[in-house]
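Contents: one structure, followed by commentary.
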Amino acid sequence: MSNIEVLIKALPKVEQHIHIVGATRPDTLLWLVEEGGLKRPFKTVKDVRRYFRYNDFPHFINVYKTVFKCITREDQFERITYEMLEDDARCNVRYVEASFSAPDHVRQGLDYPLLLDAINRGVSQAQRDFNILCNLRIDLVRNYGPNMAMQVLDWIEEKRENVVSVDIGGSEERFPPKPFGRVYQRAREMGLHLVAHAGEAAGPESIWDAINYLNVEHIGHGVTAKQSPKLVSHLLQQGIVLEMCPTSNVKTGAVASLSRHPIRELFEKGVTVTVNTDDPSMFNTSMDNEYLQLHRHLGFTVPELFQLTVSALDSSFMGETQKTQMRESFVKDYQQLMDNGHEH
Ligand SMILES: [Zn+2]
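In case it helps, the numbering used here puts the sequence shown at residues 32 to 375.
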């Protein structure tokens with residue numbers, strides 16, 4: 032490993048935008064297929080890697096569907112969640128907000144309380160083994176419409192251990208935010224934080240809609256924000272966070288290449304941006320790799336990468352006391368790293 036890779040590995044990190052299903056390791060996916068007695072177009076890890084290549088965003092969504100349908104029992108989520116956090120911990124990620132698309136699995140006949148229990152067992156075990164903390168976000172999945180989303184809020188009302196926010200992922204070009212206004216209003220009244228995927232496969236108007244109709248605090252992706260200077264200054268003034276996922280965006284074709292990713296420009300303008308893997312297994316990436324790519328293709332220095340870490344912690348939905356403690360330990364680790372004679 033080069034000096035910069037060693038430094039990046041040692042930097043403390045926070046991940047805000049990761050889908051549990053998209054973190055399923057290839058060999059674990061094969062295990063799921065075998066356990067479920069399923070037929071899938073992949074038999075080896077190499078096949079899976081080849082299968083995880085996308086022509087465009089709709090193609091990616093289709094592959095994602097094939098993957099989530101491989102989960103046939105609630106308890107399988109324990110292993111998937113544990114391994115997701117093990118992989119993040121290897122990159123020195125100390126806190127994760129992981130997204131769980133509950134309606135996908137309940138519609139497959141699985142039980143929400145059992146699913147949440149399995150995920151939380153994975154979370155607790157990973158915390159004991161790797162000292163990594165994790166809260167959950169429930170993705171209401173826009174494709175099922177606002178009535179289904181309301182039902183998901185009923186489930187959360189019944190059981191919400193570690194659930195800190197809602198989100199809507201899925202096909203944003205076909206399912207715009209506006210009809211979810213009442214759902215988000217209710218989620219807010221329930222004390223949940225509000226996030227929506229927007230401006231990934233659709234233009235800046237989808238980001239405006241998520242802000243105006245859903246009152247979101249964070250936008251998932253928001254790559255097209257850059258097209259509208261008025262929107263950029265609004266994000267800046269309102270302190271709305273863009274959870275950016277550079278490798279994901281290149282692999283789904285949302286941006287042409289890493290060097291043309293808008294994260295650098297938005298960062299320089301002072302917009303709060305964070306860097307995330309989205310679906311690390313499906314995009315063959317990791318938090319270390321995301322930081323490294325930002326350094327290589329967009330000139331992010333180590334102090335700038337640490338700034339991204341601090342932004343991600345400060346804008347996360349972790350409790351304030353815990354946040355303050357974690358920030359102190361991050362600053363200490365960072366100073367030690369810099370004092371150790373490493374140059375960036
Ligand atoms: Zn996402």
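Quick reminder that beta carbons are idealized off the backbone N, C-alpha and C, glycines included.
beta-carbon residue i near ligand 1 non-hydrogen atom, thresh 6 Å
| i | result |
| --- | --- |
| G200 | yes |
| G67 | no |
| D309 | yes |
| G230 | no |
| G251 | yes |
Which listed residue (the options) has its alpha carbon closest to that of residue i
| i | options | result |
| --- | --- | --- |
| N315 | K40, M32, M115 | M115 |
| E65 | I51, Q107, Y82 | Q107 |
| K44 | H228, L145, R125, M179 | R125 |
| I49 | K100, D310, T352, V341 | D310 |
| P235 | R104, E351, E203, G176 | E203 |
| F159 | E117, L336, M369, Q139 | According to the sequence as given, residue 159 is Arg; it is not Phe. For R159, the nearest C-alpha among the options comes from E117. |
| T308 | G251, S290, L141 | G251 |
| E321 | G350, D370, D345, S290 | S290 |
| I385 | Y215, L141, I35, S317 | In the structure displayed, the chain extends from 32 to 375; residue 385 sits before or after that span and is not available. |
| R217 | N193, G67, Q182, E192 | Q182 |
| E359 | D370, D170, K100, V341 | V341 |
| T283 | L69, D58, F91, V172 | F91 |
| Q324 | E351, N280, M357, K363 | N280 |
| Q258 | T352, V286, A120 | V286 |
| Q139 | M357, G67, T112 | G67 |
| V79 | P89, P57, L63 | P57 |
| F337 | T112, D364, I111, C276 | D364 |
| E385 | R295, S346, I150, E220 | It is not possible to answer for residue 385, since the shown part of the chain is limited to 32 through 375. |
| R205 | H249, P89, F348, E220 | P89 |
| V194 | S347, D370, S33, Q366 | S347 |
| M275 | P260, L262, H249, K261 | H249 |
| K96 | R219, V172, D370 | V172 |
| A129 | Q366, K77, D170, P277 | D170 |
| I150 | D119, A120, C122, I111 | I111 |
7 Å Cβ cutoff met for residue i and residue j
| i | j | result |
| --- | --- | --- |
| N246 | L225 | yes |
| V254 | P210 | no |
| D198 | R168 | yes |
| V98 | V52 | yes |
| L60 | E105 | no |
| G201 | N178 | no |
| I227 | P207 | Reading off the sequence shown, one finds Ala at residue 227, where the question assumed Ile. Contact flag unset, no. |
| A343 | Q47 | yes |
| I238 | A229 | yes |
| D319 | I35 | no |
| E192 | G153 | no |
| L223 | S196 | yes |
| A41 | L368 | yes |
| A180 | V214 | yes |
| T55 | S312 | yes |
| V306 | L339 | yes |
Cβ-heavy atom distance, residue i to ligand 3, below 6 Å
| i | result |
| --- | --- |
| I187 | No copy of ligand 3 occurs in the structure displayed; its ligands are ligand 1 alone. |
Worksheet item: With contact counted as at least three CB pairs below 8 Å, one residue from each stretch, are the stretch 267 to 276 and the stretch 301 to 314 in contact?
Response: Touching, yes, given that three or more Cβ pairs across the two stretches are closer than 8 Å.
Counting only runs that start and end within the stretch 182 to 265, where is the alpha helix (DSSP H) found for 4 or more residues in a row? Complete alpha helix (DSSP H) runs here, min 4: 212 to 220, 235 to 245.
**OP:** Starting from the N-terminal side, write out each stretch of the beta strand (DSSP E) that is 3 residues or longer and does not extend beyond the stretch 252 to 336.
**Re:** As far as the stretch 252 to 336 is concerned, its whole beta strand (DSSP E) runs of at least 3 residues are 272 to 275, 304 to 306.
| Cβ pair count under 8 Å reaching 3, the stretch 321 to 336 against the stretch 67 to 77 | No, the stretch 321 to 336 is not in contact with the stretch 67 to 77.
Q.
Pairs of beta-carbons, one from the stretch 82 to 96 and one from the stretch 155 to 164, closer than 8 Å: are there three or more?
A. Result no; under three Cβ-Cβ pairs closer than 8 Å.
* Would you be able to state if there are at least three C-beta pairs under 8 Å between the stretch 123 to 142 and the stretch 170 to 190? => With three or more CB-CB distances shorter than 8 Å, the stretch 170 to 190 counts as touching the stretch 123 to 142.
**OP:** Jot down the residue ranges of each uninterrupted alpha helix (DSSP H) in the stretch 124 to 163, minimum 4 residues, whole runs only, in chain order.
**Re:** As far as the stretch 124 to 163 is concerned, its whole alpha helix (DSSP H) runs of at least 4 residues are 133 to 137, 143 to 161.
Complete runs of the beta strand (DSSP E) confined to the stretch 54 to 138 [at least 3 residues] = Within the stretch 54 to 138, the complete beta strand (DSSP E) runs of at least 3 residues are 124 to 131.
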